[in-house]
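Numbering (our numbering), first residue to last: 894 to 1680. For each residue, glycine too, the CB sits at the ideal point set by N, CA and C. Only one structure is covered here, and it is reproduced in the block below.
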Amino acid sequence: MRDRLPAFVSALVLLILAGVCRADGFIVITSKSPPAVPGHFAFAPLEVTFHRVSVKIDDLLAVTSVDEEFYNPNNQRLEGMYLFPLPAGSHIDRFSMDINGQMTDAELLSADKARSLYEDIVRRYRDPALLEYSGRDAFKVRIFPIEPNGRKHVKIQYTQLLKSDSGTAEYTYPLNTEKFSSVPIRDVTIAVELACREPIKSVYSPTHSVQIKREDELHARAFYEQHQIRPDTDFKLIFSRNKSPVGVDLLTYRSSPDDGYFLLLASPGLQPPKGQVEKKDVCFVLDTSGSMAGPKIEQAKKALTFCLNSLNEGDRFEVIRFSTETEPLFHELRPADKANTDKALAFVKDLRASGGTDIDGALHDALKLRPDANDAHPYVVVFLTDGEPTVGDTSEDSLVSKVTRYRDGKTKIFCFGIGNDVNTHLLDRIAEGTHAFSTYVEPQEDIEVKVSAFYDKIREPVLSNVEVAFTGSDVRVMQVYPGAMPDLYKGEMLVAFGRYSGHGPAAVKITGTFDGQPQQFVQDVKFAADDTTNAYIPRLWAVRRVGYLLDQIRMHGESAELRDEVTRLAREHGIVTPYTAYLILEDERRRNVPVSIQNFREFGADRPALAQSQERMYQAQSEAQEAQKRTGSGAVAAAKDVGQLKASENLDQLATAQQQQALAKGGFQGQGPSAGEQPQAMFGTPAAGRREFAARATATTQPAFGYRVAQNYTQQSKVINGRAFYQNGTTWTDSSAQARKDLKPQQIDFGSDAYFALLKAHPEAAPWLSLSNQVDVVIGDTLYQVR
């Protein structure tokens, strides 16, 4: 039956579903319908082999060059049409495609013609994905032939003028090609070259993890690369230009009279306040107990070798190794000259692993080297250990109290927990107490890579003891994360999220020290009363907030207030991990939420996945109460999970954190309920029974990967324009419906006159309606049920 579908029908369905890629071009097959592609849509026959984007931005003029290749894996010749919806405010400079040996011109469609085409397709083929294109120009070109196992290479260049607000500009490249290729795209790259007339300060992507390289004060590069993926998020790059020594930028989001959200960026660029890097004192402390023997000690030695070779002129340093006893190299801080560095390198090279673990003695020796109050240099301790304290004072509370007395802002202890036998609470509390952070290196990870990357980032401080304050008579700021601001380093940025009430003009004041001298930077800003342009801000704030709350649960135990807030934030902002999914499901059952608007109906029926999530929640709860839960693979995994959320700076990192947590121990890879089993029976099960059931579920669970895997529940939530939707079967449900008691349900037939009248009356709803032809969405005081 499917093979007999008219070719044009098949082609238009492909067009519709590819439509969410926005500015990316796509090919619509208009010849004989190709065979179904296993594991994907039957009407998406072509593959995208690569998608490469090169962007050159000269101040505010952006020239984007797109280079992509399509591959026909089918055994017949195809005919198609290439369509490219244009980004708003842009114009095409060049288009090239080799069609049967000739370069062919494209036909430009006006916005009215494109809108008419899109809406007609939506009406006739019952798919809304093109709705968000309304109001855009487009161009098309006929493509023939597309040979069996043949390739079509497309190149496009377009130009646009970026908008700037107080020196801050944003570049967007629509990269949503999730439904475009019949297989994951082999190579996706975006390379951005920045050239500005004023010094470049912040360079930040809220959506993707990019590599930033600063060539000088006026030039920078940003690079994004992934392989075997289906991109589903537009690429955004924010940059600012400012002659101030430290650039400060504030972006806001507020869509209602409720409190707003903000993103604060602060960067010294490449030049510190006095044109030089601040001197620092560093103490490297390495655990050489017997458990470090083998690859761990060798990797750690290589990491220390890198750090020692990376010391700056003017730095002072010490190396302490510890096992049953401690052994400082110099018994004092020494200048990082060649003679002292060579002696340290030889000391590290000869280290061997044996004995117990005297963490108390190691910390004591490191902290007694701390410079006196008259020495303003920052003091950094890099502490590497793979075990719990077994020698000297082994009390967690006592060890932490000895460290946290040094809350002077100058002393920071960065902890690296190696393996699964470390006390995660101890290391986290030590790092947090000195406004530093802890990192965990699992057995399969490389110590050298993690420690070297960390030290390379912090080797050149330009502003220490950083504090941020906001002033403004009509604005109040709260719930800012991170709570303790990190030091600023050369070429790095401070990225902070928070909430605010009120609106109007205000100022951001950043204070710190450089070379012992106080520094202060003030920037006038404006907290908007209504601003929906930066819809990613609320979700990234919520991720930080949820990470903070989960850390409180992990460290101190659960309370009803913490649990309820985590649940609410996770549901509203689509933060889906095994732990939060379980909380959302349990909360919905407790509140008797109608099944029709529940978020995780499928998850609730998937017994193995549900068991895994309950075990993850049990792990987090009990870790604060049972000493044995502070060590082991579960404790390390919990610490890393929370750390990932607390440190998320962009949507890419959030997606990675959710995916990794979902897949850990089979997290969301359930197989559905067994015959006769009821998920509700798990509630109230004793802890031992929960662990046993989770272990049994893990043992029988088979990993499931691919597109729209029902068990991969992280993929069944989407946040669009600040609102979270959850997929159950073929219906997407607006999560905000649960919080409203005044909603009037109204059912609308998809594609009807009433449907398009709703879209015309509420154009802001187009992105929500484009999710599916079956969607429940809240608009005003009505719950529209599109079917």
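1) Which word fits residue 940, buried or exposed, when buried means at least 16 other C-beta atoms lie within 10 angstroms of its C-beta?
2) Just grab the DSSP bridge partners of residue 1176 for me.
3) Which one of 1212, 1260, 1217 has the shortest CA to CA distance from residue 1242?
4) With a threshold of 16 other CB atoms inside 10 Å of the CB of residue 1116, please say whether the residue is buried or exposed.
5) Taking the C-alpha atoms as reference points, what is the distance between residue 1671 and residue 1426?
6) What residue does the beta strand (DSSP E) around residue 1096 start on, and which one ends it?
7) Among the candidates 1178, 1533, 1015, 1133, whose CA atom is the shortest distance from the CA of residue 1162?
8) Measure from the alpha carbon of residue 1038 to the alpha carbon of each residue in 920, 1027, 1612, then state which is nearest.
9) DSSP three-state call for residue 1016: helix, strand or coil?
10) Should the region 1257-1272 be called in touch with the region 1170-1179, which here means at least 3 C-beta pairs below 8 Å?
11) From the DSSP secondary-structure annotation, give me the bridge partner or partners of residue 1112.
12) What are the complete alpha helix (DSSP H) segments, minimum 4 residues, inside the region 939-1001?
13) Cα-Cα, which of 1534, 1351, 1250, 1221 is closest to residue 1440?
14) With DSSP as the reference, label residue 1600 as helix, strand or coil.
15) Looking only at its chain, what residues have a beta carbon closer than 6 Å to the beta carbon of residue 1416, apart from the 5 residues adjacent to it on each side?
16) Return helix, strand or coil for residue 1443, following the three-state DSSP convention.
17) Taking the runs of the beta strand (DSSP E) that are 3 residues or longer, which of them lie wholly in the region 1438-1503?
18) Taking the straight line between their C-alpha atoms, what separation do you get for residue 1626 and residue 1488?
19) Counting only the same chain and skipping the five closest in sequence on each side, list residues whose C-beta sits under 8 Å from that of residue 1669.
20) Between which two residues does the beta strand (DSSP E) carrying residue 1046 extend?
21) The beta strand (DSSP E) that contains residue 1186, what's its start and end?
22) Of all the alpha helix (DSSP H) runs that stay within the bounds of the region 1313-1400, which reach a length of 4 or more residues?
23) Starting from residue 1532, trace the beta strand (DSSP E) in both directions and tell me its first and last residue.
24) Considering only C-alpha positions, which residue in the set 990, 1379, 1633 is nearest to residue 1328?
25) Can you tell me which of 1050, 1008, 1223, 993 puts its alpha carbon nearest to the alpha carbon of residue 946?
26) Identify whether residue 1293 lies in helix, strand or coil by the three-state DSSP scheme.
27) Using the rule of at least 16 other Cβ atoms within 10 Å of the residue's Cβ for burial, across every protein chain shown, is residue 1666 buried or exposed?
28) Let's test the definition: count the other Cβ atoms within 10 Å of the Cβ of residue 1054 and tell me whether it reaches 16, buried, or not, exposed.
29) Between 1650, 1047, 1673, which lies nearest to residue 1012 when the distance is taken from Cα to Cα?
30) State the Cα-Cα distance for the pair residue 1195 and residue 988, rounded to the nearest angstrom.
31) Here's a check: name, in chain order, each residue in its chain whose Cβ is nearer than 6 Å to the Cβ of residue 1278, leaving out the five neighbours to either side.
32) What does residue 1415 pair with, by DSSP beta-bridge criteria?
33) Beta-carbon within less than 6 Å of residue 1008's beta-carbon, same chain only, minus the 5 sequence neighbours each way: which residues are those?
34) Would you call the CB atoms of residue 1466 and residue 1494 closer than 7 Å?
35) Give a yes or no on contact between the region 1220-1232 and the region 1203-1212, applying the rule of three or more CB pairs nearer than 8 Å.
36) How about the region 1366-1380 and the region 1233-1252: do they share at least three Cβ pairs that are nearer than 8 Å?
Reading from the atomic positions:
1) buried
2) Answer by DSSP bridge pairing, in chain order: 1211, 1274.
3) 1212
4) Residue 1116 is exposed by the Cβ-count criterion.
5) 20 Å
6) Residues 1093-1097.
7) 1133
8) 920
9) Helix, per DSSP.
10) The region 1257-1272, when compared against the region 1170-1179, does touch it at the 8 Å Cβ threshold.
11) 1088, 1109
12) The qualifying runs do not exist here; there are none.
13) Distances from the CA of residue 1440 to each of 1534, 1351, 1250, 1221 were compared; the closest alpha carbon is that of 1534.
14) Legend: pLDDT at residue 1600 = 32, less than 50; position of this residue unreliable, no value from coordinates given.
15) Cβ neighbours of residue 1416 beyond the five flanking positions: 1141, 1401.
16) helix
17) none
18) 11 Å
19) Excluding residues within five positions, the ones whose Cβ falls inside 8 Å are 1489, 1490, 1624, 1625, 1626, 1627, 1630, 1676, 1677, 1678, 1679.
20) Where residue 1046 is concerned, the enclosing beta strand (DSSP E) stretches over 1044-1054.
21) That residue, residue 1186, is in no beta strand (DSSP E); it is neither H nor E in DSSP.
22) 1317-1326, 1340-1351
23) Unbroken run through residue 1532 is the alpha helix (DSSP H), 1526-1540; no beta strand (DSSP E).
24) The option with the nearest alpha carbon to residue 1328 is 1379.
25) 1050
26) Note: residue 1293 maps to helix in three-state DSSP.
27) Buried, because 16 or more other Cβ atoms sit within 10 Å of the Cβ of residue 1666.
28) It counts as exposed.
29) Minimum Cα-Cα distance from residue 1012 among the listed residues 1650, 1047, 1673 corresponds to 1650.
30) 51 Å
31) 1180
32) 1402
33) 1027
34) No; because the gap between Cβ atoms is not below 7 Å, this pair is not in contact.
35) Yes: at least three Cβ pairs fall under 8 Å.
36) no
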